[in-house]
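Engineer: Handing you this structure, nothing more for now.
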Amino acid sequence: MNEQSPIGQLSLHIALMSLMAVGGGVVLLAPQVGQYVVEGQHWLTNEQFSAAYAIAQAAPGPNLLFISLVGWLIGGWSGAVMTTIAVIVPSTLLTLTAVRWHAGRAGSRLSRALGQAFGPMSIGLMAATAWLFTGISNTDWRADVVTLLSALILLRTKLNPVVLIALGAAAGALRII
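Numbered according to our numbering, the sequence shown spans residues 21 to 197.
Right, here's the structure in full:
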């Protein structure tokens, strides 16, 4: 049997997942890719995957940069390039096809129903992703408290999340948490 390289396997997995990434790629891809590379293939640890995700979220630019970071951690520069192509090309082609389809049927019942369904579905997927990452990265009750407080602060204020990340990093460095 011809075994595919880890980057080939990961790129194929990401390409297939990107076709289902409705409502934002990070929402669906983060948990799926995390499960695949950490639990399924054991190419990365939970900590490595969570760090790649956190770095991509904090960095300016598209949130899907974490796919490139995961590819880079597993296969270097070629891994980063291959996984980036895998996440962009299939979903772009699907989106172009869907936009063309929708343009011809903008007022139809099916088109309106699909538009109304995507909002709640996207919110549910984001909540599931947040729940998954809370379970992966939190290792004790103090981390749970920091996560809960951060979520409450973000929901009630317009504070930039980077400020909370910096405060959490400082608290960790000072061994406060």
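The C-beta atom is built at its ideal place from N, Cα and C for all residues, glycine as well.
It should be emphasised that the depicted structure is a prediction, and the values quoted were computed from it without experimental measurement.
(1) In terms of residue numbering, what span does the alpha helix (DSSP H) encompassing S88 cover?
(2) Using the C-alpha atoms, what's the distance from S142 back to A133?
(3) Please classify M40 as buried or exposed, where buried requires at least 16 other C-beta atoms within 10 Å of its C-beta.
(4) My understanding is that V107 touches S38, with C-beta atoms under 8 Å, so please give their C-beta distance in whole angstroms.
(5) From P140 to P51, what does the alpha carbon distance come to, in whole angstroms?
(6) Our contact map puts I34 next to T117 with C-beta atoms below 8 Å; I'd like the distance itself, whole angstroms only.
(7) Pair every Cβ in the region 85 to 98 with every Cβ in the region 109 to 124, then say whether three or more of these pairs are closer than 8 Å.
(8) Would you kindly report the start and end of the unbroken alpha helix (DSSP H) that includes L32?
(9) Considering Cα atoms alone, identify which of A100, V182 and L84 is closest to G91.
(10) For A72 and L89, which I take to be in contact (beta-carbon distance under 8 Å), what is that distance rounded to the nearest angstrom?
(11) Taking the alpha-carbon positions, what's the H62 to A193 distance?
(12) From L172 to I105, what does the alpha carbon distance come to, in whole angstroms?
Structural biologist: In short:
(1) L85 to A123
(2) 15 Å
(3) exposed
(4) 5 Å
(5) 18 Å
(6) Going by Cβ atoms, the distance from I34 to T117 rounds to 19 Å, so no, they are not a contact pair.
(7) no
(8) P26 to S38
(9) A100
(10) 4 Å
(11) 28 Å
(12) 36 Å
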